[in-house]
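Student: Residues are numbered in the working numbering as their position in the sequence shown, beginning at 1, plus a constant of 113.
Here a beta-carbon is modelled for each residue, glycine too, at the ideal position from N, C-alpha and C.
Structure provided below as structure tokens; questions to follow.
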Amino acid sequence: MKIEIKQKGNRSRFYALLSALLLGAGVLFNHSFNYLASISSRRMSTSTRAATKKQDTQACLLVFGTGFPQPGDRSCLRDRGASLYLQTMTKTLVGTPLGGSYDAANPVEIKPYNDRNRFYGADWPPFGYTMIGFRRMDNFRCAIEEVNDRGVKGGIVELGVWRGGAMMLAAAVAKESGIQRELHLFDMFGTIDSYSKFQESKRDFLAVSVAQVKGSFKYFELDGPEVHFEVGMFKDTVPKWKDRRIQIAVLRIDGNFYDSYQDAMYNLYEKVPVGGIVIFDDLSKRQKAVKRFWEDFKADQALPEEPINIDGSSAWFR
């Protein structure tokens, strides 16, 4: 390296020598940094490959109380992992910590957000769009992605939608994947007479108008001609579908009562093709009416299926 000294004197020589030393150190540092970065990159790649391999061997959604089933097991619902877009949508739809939490028994006083309760859908989000929590939202997403992967024909149907959050997630999956299905939302979209025993604040909280839900779909840019709203009691709206030539790839029921599940299953279950998925939001030992319905329906139809636990309160089956 040649350093030209334009000024004479010891001071000029000193600065020239110092510049040369600093320049040489910079070059050495640059080479060293690039070398270390390349090693780090190779290690990162190895780590990433190992993590990917582990994910491939545990690519089933967790079964509550059991663990991760193996791919190929009947209880395996493949979980490819949500994209950043779907993660953000899910976190927004279930309600953020900033909004706090309602106790389902008394939706008046906003309490501090609780991660566990929201994960399992055990509280009511004051400003969220769905009550079902993270676990059931993941299950619904995975169900839709699985029927997409397998080419199962049919629409996505939910009975009991509240503010529409779960079906907004279904619309988001369609928007991201480009696989558009007809989305059908069944709900009273208003006050239900059988909820008269509830306190006024609880009834008002559960009563959501169809205009509100449509507005939310529009706000998230998820509205369109493929989104359909079936307004009214299940006993009035669902039987009209019995003779319709339509298939349902994913049928999600959140009805709370024996009669609600009876209306849904006796009119819609035969429309779920092989490979389609049925989700019961209310199926546990605590929800005796729905559990009794399932036992009656299974016996009546001679079904071999056994529901697979999602989060201790809900279940699904193919």
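Does the region 220-233 touch the region 345-355, meaning 3 or more C-beta pairs lie closer than 8 Å?
Tutor: no
Student: Under a three-way DSSP split, which group does ILE223 fall into?
Tutor: strand
Student: Just to confirm, are MET281 and PHE318 a CB contact at a threshold of 8 Å?
Tutor: no
Student: In the structure shown, what three-state DSSP assignment does TYR371 receive?
Tutor: helix
Student: Sort VAL403, ASP349, SER290 by Cα distance to TYR198 and report the nearest one.
Tutor: It is SER290.
Student: Can you tell me whether LEU211 is buried or exposed, with buried defined as 16 or more other CB within 10 angstroms of its CB?
Tutor: Per the 10 Å Cβ criterion, exposed.
Student: So which of ARG316, ILE390, VAL176 has the shortest CA-CA distance to ALA218?
Tutor: Checked all of ARG316, ILE390, VAL176; the closest Cα to ALA218 is ARG316.
Student: Return yes when at least one heavy atom of the ligand ADP lies under 7 Å from the C-beta of ARG358, else no.
Tutor: Ligands in the displayed structure: none, and consequently the ligand ADP is not present.
Student: Kindly give me the distance between the Cβ atoms of PHE302 and VAL323, rounded to whole angstroms, as I take these residues to be in contact under 8 Å.
Tutor: Sure, about 4 Å apart at Cβ, within 8 Å.
Student: Hey, ARG431 and ILE366: beta-carbon distance below 8 Å or not?
Tutor: no
Student: Note down, in chain order, each residue of its chain lying with its Cβ closer than 8 Å to the Cβ of ARG405, except the 5 sequence neighbours on either side.
Tutor: TYR371
Student: Would you give the residue range spanned by the beta strand (DSSP E) that VAL265 belongs to?
Tutor: Secondary structure note for VAL265: it is in no beta strand (DSSP E), with a DSSP letter that is neither H nor E.
Student: Which ranges does the beta strand (DSSP E) cover as unbroken runs of at least 3 residues, wholly within the region 350-419, from first to last along the chain?
Tutor: 361-366, 390-393
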